[in-house]
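Residue numbers (the working numbering): 4 to 151.
Note that the Cβ used here is the ideal one computed from N, Cα and C, for glycine as well.
Data first, discussion second: the structure below is written as structure tokens.
Dropping the structure here:
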């Protein structure tokens, strides 16, 4: 049995297809986050990006997201090692830190549904879209106690 690529390759050595397949489809990256300007602490919200499809937990225009959403962060092998708000369950973060993927990750389970079945994804948990909010203060109503 061949060892899975994420156990043998660095993030930088992965092909574009391998890199993209690491995304577990949880949708947590697509949530709005608030940062305390004084402490740098990150606060999660249940507000989805304007392009986030909360049912599929995918971007509605992934190919053009960086152009359409100015504050969208495109993940790269370099920046996943420095982004403090990447979820603790994120496959990019796990692999960068030398950990294995969880049982519910589609590359392990063989199904894109297990991330949802395990309750890891944001499916059914997004309470608003950023397009619904008029003022920055409106995000405070959707702050979460912890990382979802």
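Pairwise C-alpha distance: residue j and residue i
| i | j | result |
| --- | --- | --- |
| residue 142 | residue 4 | 48 Å |
| residue 48 | residue 118 | 20 Å |
| residue 6 | residue 100 | 18 Å |
| residue 68 | residue 56 | 13 Å |
| residue 121 | residue 115 | 11 Å |
| residue 108 | residue 64 | 23 Å |
| residue 113 | residue 128 | 24 Å |
| residue 29 | residue 16 | 24 Å |
| residue 164 | residue 59 | Here the chain comprises residues numbered 4 to 151, so residue 164 is not present and cannot be evaluated. |
Residue i burial status per 10 Å Cβ neighbour count (16 or more: buried)
| i | result |
| --- | --- |
| residue 149 | exposed |
| residue 133 | buried |
| residue 106 | exposed |
| residue 90 | buried |
| residue 27 | buried |
Proximity winner among the options, relative to residue i (alpha-carbon distances)
| i | options | result |
| --- | --- | --- |
| residue 73 | 144, 35, 8, 151 | 35 |
| residue 139 | 50, 15, 23 | 50 |
| residue 43 | 96, 111, 87 | 87 |
For residue j and residue i, believed in contact at Cβ under 8 Å, the rounded distance
| i | j | result |
| --- | --- | --- |
| residue 37 | residue 125 | Between residue 125 and residue 37 the Cβ distance is about 17 Å, and since that is not below 8 Å, they are no contact. |
| residue 9 | residue 83 | No, residue 9 and residue 83 are not in contact; Cβ-Cβ is about 13 Å, not under 8 Å. |
Closer than 7 Å: residue i CB and nearest the ligand MG heavy atom
| i | result |
| --- | --- |
| residue 83 | With respect to the ligand MG, the structure offers nothing, as it holds no ligand at all. |
Per DSSP, cross-strand counterpart(s) of residue i
| i | result |
| --- | --- |
| residue 46 | 37 |
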